[in-house]
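In our numbering, the protein residues as written are 1 to 74. Ideal placement from N, C-alpha and C gives every residue a C-beta, glycine not left out. First comes the structure, then the notes that go with it.
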Amino acid sequence: LANDENVQLRNFAIIATESNIIKLSGDNRTFTWASNGRKLMNVPFDENPYSAMAAWFKTDEGLEVYKSIEKKLK
């Protein structure tokens with residue numbers, strides 16, 4: 001079940017990126033807000049950026065960002 005949740009969160013991160021709400025840097029190391037360039041998170045070395053973002057959405061800070069993105073996608 002946790003795996004399914006991770007897949008959903010990963011897809012959510014991909015959709016948010018494709019919708020130009022968040023941006024992934026060219027070197028796949030940093031996620032930022034597309035609107036103001038403020039940094040959201042650094043991707044740990046050798047990790048898939050979207051998997052890292054999915055895990056980050058489960059943190060307190062990440063959850064706030066998740067909710068904010070969710071509103072923008074509606």
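(request) Report buried or exposed for residue 15, applying the criterion of at least 16 other Cβ atoms within 10 angstroms of its Cβ. (result) Taking the sequence shown and counting its residues from 1, the one referred to as residue 15 is at position 15. Exposed, by the Cβ-count rule.
Which residue comes first and which comes last in the alpha helix (DSSP H) that contains residue 69?
As a first step, residue 69 is located in the sequence shown; it is residue number 69 there, counting from the start. Note, residue 69: alpha helix (DSSP H), 60-73.
Smallest Cα separation from residue 41: which of 34, 47, 35 and 62? Counting from 1 along the sequence shown, the entry for residue 41 is found at position 41. Among 34, 47, 35 and 62, the Cα nearest to that of residue 41 is on 62.
### Message
Among the candidates 44, 37 and 38, whose CA atom is the shortest distance from the CA of residue 28?
### Response
Numbered from its first residue, the sequence shown carries residue 28 at position 28. The shortest C-alpha separation from residue 28 is found at 44.
- Message: Let's see if you can read the secondary structure: which residues bound the beta strand (DSSP E) around residue 31?
- Response: Start at 1 with the first residue of the sequence shown, and residue 31 comes out as number 31. Note, residue 31: beta strand (DSSP E), 30-33.
Assigned secondary structure, residue 3 (DSSP; H/G/I helix, E/B strand, else coil) = Position 3 of the sequence shown, counted from the start, is the residue given in the question as residue 3. Residue 3 falls in the helix class under three-state DSSP.
Which of the three DSSP states is assigned to residue 83 in this structure? As shown, the chain starts at 1 and ends at 74. That puts residue 83 outside it, with no answer to give.
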